[in-house]
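Note that full-length UniProt numbering has the sequence shown beginning at 1, numbered continuously upward.
Working notes, structure below.
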Amino acid sequence: MFAYLSPGRVYLSSASPPNTFLLIVAKLLIKYVLYLKLSGCGLTSCSHVFLREYHYVNLAMNWADAQHYCRVNYNDLATIESMDDISRLNAPGREDSGAWIGLTDDPKSWRGTMVSWRWSDNSSSSFRNWKDGEPNNFKNEYCVAETQDHIWNDVSCSRKMPFWCQESKRKYKYCKQLCVLFC
1 MFAYLSPGRV
11 YLSSASPPNT
21 FLLIVAKLLI
31 KYVLYLKLSG
41 CGLTSCSHVF
51 LREYHYVNLA
61 MNWADAQHYC
71 RVNYNDLATI
81 ESMDDISRLN
91 APGREDSGAW
101 IGLTDDPKSW
111 RGTMVSWRWS
121 DNSSSSFRNW
131 KDGEPNNFKN
141 EYCVAETQDH
151 IWNDVSCSRK
161 MPFWCQESKR
171 KYKYCKQLCV
181 LFC
């Protein structure tokens, strides 16, 4: 029995093989092709890239109400993961009273540490842009406001101020080859 290949197919034949060397090569090639297919090599992996759009909401609300508003009307309060994200926070006519972002420090979840800042959308980003001397948790400041200069300050969650919401949108499809060897 021997095998021969054509694009997308493997044929087995019971006729005499034309050459023992070719038979060995064909068997190895079949095993290798099956390995590539089973391991995912030769396939294209695609994923959708989600980009955040930021929306400044000029309504004075406490942090919890702002979070609820963003979750109902967008996705959540803004998560800021880089200086690039900060550069996209622009709101013409914005007053410098501060604006809520989605970072909060819930003392009920401290679990042995004194600081457990978390993003409202559960992002694992560790990016921070604190004002010098912050966060200081002065008088139970567990929520974060971003200033017009894009630096952060911990503020009492009951304070009322405008806020940033985020909306994640699928912008494009990114594809890459999973395996380049013999693909």
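Positions of the beta carbon are idealized from the N, C-alpha and C atoms, including for glycine.
- One alpha carbon belongs to Phe163, the other to Arg88, and they sit about 14 Å apart.
- Residues Ala99, Ile101, Trp152 of the same chain have their beta carbon placed closer than 6 Å to that of Glu146, with the five preceding and five following residues left out of the count.
- The shortest CA-to-CA distance from Leu51 to any of Lys27, Asp84, Met61 is the one to Asp84.
- In the displayed model, Lys169 falls within a strand according to three-state DSSP.
- The bridge partners DSSP lists for Asn136 come to none.
- Looking at Val155, Glu167, Asp149, Asn129, the one whose alpha-carbon comes closest to that of Asn140 is Val155.
- For Cys70, the enclosing alpha helix (DSSP H) begins and ends at 63-73.
- Annotation for Asp149: no alpha helix (DSSP H) segment contains it, and DSSP assigns it neither H nor E.
- A direct Cα-to-Cα measurement between Thr104 and Ile30 gives close to 56 Å.
- For Ile86, the enclosing alpha helix (DSSP H) has its first and last residue at 83-87.
- Comparing C-alpha distances from Gln166 to each of Phe138, Val25, Ala66, Tyr74 shows the shortest one belongs to Tyr74.
- Here Phe127 carries a coil assignment [DSSP, helix/strand/coil].
- In summary, Val144 is buried, with 16 or more beta-carbon neighbours lying within 10 Å of its beta-carbon over all protein chains present.
- Each of Val72, Ser116, Arg128 was checked against the Cα of Glu81, and the nearest Cα belongs to Arg128.
- Straight-line measurement puts the Cα of Tyr69 at about 11 Å from the Cα of Ala60.
- For Ala91, there is no enclosing beta strand (DSSP E), as DSSP gives it neither H nor E.
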